[in-house]
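Read the structure below first, then the notes.
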DNA sequence: CGCGAATGTAGAACAAGTTTCAGACTGGGT
DNA sequence: ACCCAGTCTGAAACTTGTTCTACATTCGCG
């Protein structure tokens, strides 16, 4: 069939590819289905968080049979990670349009992450569903999680606004910032850390940008 | 900082208190039961990870009725977080006996965390179960998660081996180190990061100890 | 001792994620 | 137009976490 790209698994299930917004190997109707499913998941997650995203409800809300839902997204976690990918792409787009204006790279990264954080505060349930899925994901979701991770890294590196490519030092700092970001988010979502605390943690981690290794 | 809204139930269920190894308000038999349950969970987790810890099996392996298991640990996540607490206490004890000998506080913290990491490498499935439960825990597990967090912080601060109490700066660094530690562990457990990468991330985060804010 | 509340037991019942299956539908190739 | 492989549907079945129920045991204590 026309879906011959490269890794060509024997089966031809619609691969929940960790790629861009546009999933080229899907037909129009399939793209539309996929979109409807993610929108349904987003909606349900928005009211009620992780637990409120029930596969049967997602299927019904997106007018798709349960079996079909599972063909598109092999598990609830896959679905929510794809939802996060979708949201991150929107965010990335927004940020690209209005990049942070601070002078210092570290300050720009802090600002950018706090903008993302504010978006999450607007939809805490949605954030809960997505973040919990992301960190709970096991190996079977690796490809999709890696895609989200790449996107996140890209957002941070973009925010740094470096003239050239990032150095190894800088990439190491970005990794720690990303770790801190995810983990701090989790503590905030669970109500164990305040908004101010999240900001403080992000700022602490971002110090690593300005201060390379000895 | 806590949203403790639990209106002190009239019942006197054995509180899975986030306290020390010894749960004083339990009778002998109850302490023994609790211990048996945690040991069963540890065993099952050791072979098979999070998914292998099935509540029915835990109940059977610890010779306790399912209902009783749920009385001691209100959910699987509670049980696994308690298991992690138990393991951390052992680790803390071991570390207390043989503290790290490096000169630099940052180096001591790195060494300590890598020792903990090595323990996890010996039992990757167990580590998987405990860490996934810890990060997936929702608000209902806050007290227990907070206890684990306190223990972790204590381990790191101990490793720093400061003469006096830690400064605010240092505590901020410890927070980021802890975030990095948890998140890096998750990526390792999912096979998305190598052992070397975890070490590198921890080392990067530990730079914050030596380099206070401007 | 002997009661009553708290605790424990066995097992059914329930909820939600996941799998399976038989049949209807679609779409491209001959 | 026909056919086949691949999809989609609807519904049931299966799994495992969680709750509930009815009864038995234990424990503190008057």
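Chains as they are written, first to last, in UniProt numbering: chain H, 1 to 214; chain V, 1 to 214. By construction, the Cβ of each residue, glycine as well, lies at the ideal position given by its N, Cα and C atoms. The model shown is predicted, which means the values in this text are computed figures rather than measured ones.
Test item: CB-CB of residue i and residue j under 8 Å
i                      : j                      : result
residue 80 of chain H  : residue 146 of chain H : no
residue 82 of chain H  : residue 61 of chain H  : no
residue 125 of chain V : residue 32 of chain V  : no
residue 142 of chain V : residue 43 of chain H  : no
residue 50 of chain V  : residue 122 of chain V : no
residue 127 of chain H : residue 171 of chain H : no
residue 180 of chain H : residue 201 of chain H : yes
residue 182 of chain H : residue 183 of chain V : yes
residue 231 of chain H : residue 38 of chain H  : Nothing can be reported for residue 231 of chain H: it is not among the residues displayed for chain H, which extend from 1 to 214.
residue 186 of chain V : residue 117 of chain V : no
CB contact check: residue i to chain V, cutoff 8 Å
i                      : result
residue 16 of chain H  : At residue 16 of chain H, the pLDDT of 41 sits below 50, so the modelled position is not reliable; the number obtained from the coordinates is stated separately. Chain V, which has no Cβ nearer than 8 Å to the Cβ of residue 16 of chain H, makes this no.
residue 158 of chain H : no
Chain V residues whose Cβ lies nearer than 8 Å to that of residue i
i                      : result
residue 117 of chain H : Within chain V, no residue comes near residue 117 of chain H; the closest Cβ sits about 14 Å away, beyond 8 Å.
residue 75 of chain H  : Ordered by position in chain V, no residue passes the 8 Å Cβ test against residue 75 of chain H, which lies about 12 Å from the chain.
residue 79 of chain H  : Those within 8 Å of residue 79 of chain H in chain V number zero; the least Cβ separation is about 16 Å.
Partners in chain V for residue i, counting only beta-carbon separations shorter than 9 Å
i                      : result
residue 190 of chain H : 137, 138, 139, 141, 142, 145
residue 132 of chain H : 135, 136, 138
Residue i - DSSP class collapsed to helix/strand/coil
i                      : result
residue 67 of chain V  : helix
residue 164 of chain H : coil
residue 123 of chain H : coil
residue 13 of chain V  : Note that residue 13 of chain V has pLDDT 43, beneath the 50 cutoff, so the model's placement of it is unreliable and the number below is only indicative. Three-state result, residue 13 of chain V: coil.
residue 149 of chain H : helix
residue 53 of chain V  : coil
residue 105 of chain V : helix
residue 138 of chain V : coil
residue 79 of chain V  : helix
residue 59 of chain H  : helix
Within-8 Å CB hit, residue i to chain H
i                      : result
residue 64 of chain V  : no
residue 173 of chain V : yes
Partner residues on chain V for residue i, Cβ-Cβ distance less than 7 Å
i                      : result
residue 184 of chain H : 179
residue 205 of chain H : 176
Closer than 8 Å at the beta carbon, the chain H residues around residue i
i                      : result
residue 201 of chain V : 172, 175, 176, 179
Contacts that residue i makes with chain H (C-beta to C-beta distance below 9 Å)
i                      : result
residue 208 of chain V : 176, 204, 205, 207, 208, 211
| field | the segment 202–210 of chain H in contact with the segment 163–182 of chain V per 3-pair CB rule at 8 Å | value | yes
| Taking contact to mean at least 3 C-beta pairs separated by less than 8 Å, is the segment 63–80 of chain H in contact with the segment 133–144 of chain H? | yes
| said: Would you call the segment 143–158 of chain V in contact with the segment 62–71 of chain V, where contact means no fewer than 3 C-beta pairs closer than 8 Å? | reply: no
| query | Between the segment 152–167 of chain H and the segment 86–105 of chain H, do three or more beta carbon pairs fall short of 8 Å? | reply | yes
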